[in-house]
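In what follows, a structure is listed as structure tokens, so that the remarks can point back to it.
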Amino acid sequence: MQLSRVTALITLPVAAMLVLAGCSTPSAPDAKPTEKASSSATSKPTSTGSADGEVTEPGAQVGIDEPIVYESQGTDGVTALISAKLTEVTPATADQVAFLKTQFDGGELDGYDITLIRLEMTKVSGDPVAFNSDATSFAPVDADGEKVQEATLIGWDECGSESFTEEFDGGEPITQCYVAAAPAGGKAPAGLMYDGGFTDPNPYDSFDGDPILLIKD
């Protein structure tokens, strides 16, 4: 399979470092502590969200195909309720791993197991949100709710993310895909964390609040 103009970058949550393949490495932003995300992974309430628009409480934990509902805040005061559910957590195939390693040709993925994580999103109600996106409000985590390394490829059809569409405004779901990398033999990626993104106020923040965990059983 050939892909045109695929851009690869890899995110290390501990150091918050971005590495852009084929280019110089940009300066890493200040890393934030991860203690809050770790402590929030225990004794979590179950989800109170549902497709009827009841917003899920901070700190909830849900499993595969169990929806959460959150308020999406876009530009110009746009707000909408979005339902999201974890649908798939699967190891990458040998061919997918081989392709990814050709994109990260500096060896960044050597010694890592790769997992593909898929999230289905549906608009529940609210303002038009076409061309906005909440993909970066979710991040891969292990079964304990700890963030794991995320690799992002722009333009990879087998695992990509997209902006909200006009069809999404009409109720058609979209799927976001995340590529997670964990050291071989270590804790495997198990799902996603919702940290509220740029919501203000943000009770789901992974450092100052309680994120929602969507983790396979």
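Going letter by letter, the sequence shown gives residues 27 to 243 in the numbering used here. Yeah, the Cβ is synthetic: ideal placement off N, Cα and C, and Gly gets one too. Predicted, not measured: the structure shown is a model, and the values here were computed from it.
Under 8 Å between C-beta atoms of residue i and residue j
i, j, result
"A169", "K213", "yes"
"V88", "L142", "no"
"V81", "V104", "no"
"A118", "V174", "no"
"E134", "T225", "no"
"A265", "L126", "This structure leaves residue 265 out entirely; the chain is present only between 27 and 243."
"A210", "G137", "yes"
"S159", "S189", "yes"
"E184", "Q122", "yes"
"M147", "P199", "yes"
Cβ shell of residue i (< 7 Å), same chain only, five flanking positions each side left out
i, result
"N228", "G222 and G235"
"E192", "A156"
"S18", "Beyond the ends of the chain as shown, which are 27 and 243, falls residue 18; an answer cannot be given."
Beta-carbon contacts of residue i that lie in its chain and below 8 Å, excluding the five residues immediately before and after
i, result
"S53", "For S53, the predicted structure reports a pLDDT of 30, less than 50, and the residue's modelled location is therefore unreliable. A value from the coordinates is still provided. Here the set comprises nothing."
"D195", "K149, P154, V155 and A156"
"C49", "Residue placement at C49 is poorly supported in this model, since its pLDDT is 26, which falls under 50; the coordinates still yield a value, given next. Closer than 8 Å at the Cβ level, and outside the excluded window around C49, lies no residue."
"G100", "A106, D153, V155 and N158"
"D140", "The sequence shown places Ile at residue 140, not Asp. Correct list, in chain order: P117, A118, Q122, V123, L126, A177, V205, A206 and A207."
"Y230", "P84, Y96, Y220, D221, G222, D236, P237 and I238"
"G197", "T148 and K149"
Same chain, Cβ closer than 6 Å to residue i, neighbours up to 5 away in sequence not counted
i, result
"Q202", "L145, A161 and S187"
"D91", "K111"
"E114", "R144"
"T116", "L142"
"K242", "I90, V115, A216 and G217"
"A120", "none"
DSSP bridge partner residues for residue i (one or two, in chain order)
i, result
"Y138", "P209"
"T105", "Q99"
"A110", "I94 and M147"
"V88", "L240"
"T116", "L142"
- Completely contained beta strand (DSSP E) runs for the segment 141 to 221, where each covers 3 or more residues: 164 to 168, 175 to 180, 200 to 209 and 215 to 220
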